[in-house]
Amino acid sequence: DSCEVPKDMRALISTCHDEFSSKEQDKTPLSLPRWKPVPPNTAYHNLSRLCPRPWRYNTAEQLGFHDSWGFFHMYDGGGYVADLGYNNETKSSVVFSLRLNHWMDRRTRVVLLEFAMFNPATNYLSVVTYYYE
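The numbers in full-length UniProt numbering rise by one with no breaks, and the one at position 85 of the sequence shown is 85.
This is the structure in structure tokens:
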């Protein structure tokens, strides 16, 4: 919890999360699925197997992103990335795993859905980013 529930409301609300702030943003480098911490005695060579990419924090520099504004807040460009792949089967499998392991939870403040489409007939590239806050 990142805030305190007022005493008079505790019978109705058990937890709360404060407004988004980049200083409060979770930047844990590696997590096990379901946001469980990595045991301290885990061998380095096992980390990529134990901590799939959606559970690894990436800086804005690693992702090649920059600060951007959503409707409510400015985000620093870093975060956790789930690649949905190029076909429906891969997308379905990834989304199923993310839902099963609670990748999006009460602490999620924004999800960016980004995709690119190229039309070779017109030589146009479209890149679209949706912000879900």
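The C-beta atom is built at its ideal place from N, Cα and C for all residues, glycine as well. Owing to the predicted nature of the structure, the values given are computational and were not obtained by experimental measurement.
Where F115 is concerned, the enclosing beta strand (DSSP E) starts and stops at V111 to N119. Under the three-state reduction of DSSP output, L50 falls in the helix class.
In the three-state scheme derived from DSSP, where H, G and I count as helix and E and B as strand, P33 is classed as helix.
At least 8 Å separates the beta-carbon of G79 from that of E133. If you look at T129, you'll find it in the beta strand (DSSP E) that goes Y124 to Y132. By the neighbour-count criterion, in which a residue is buried when 16 or more other Cβ atoms sit within 10 angstroms of its Cβ, S31 is buried. Secondary structure at M104: coil, using DSSP grouped into helix, strand and coil.
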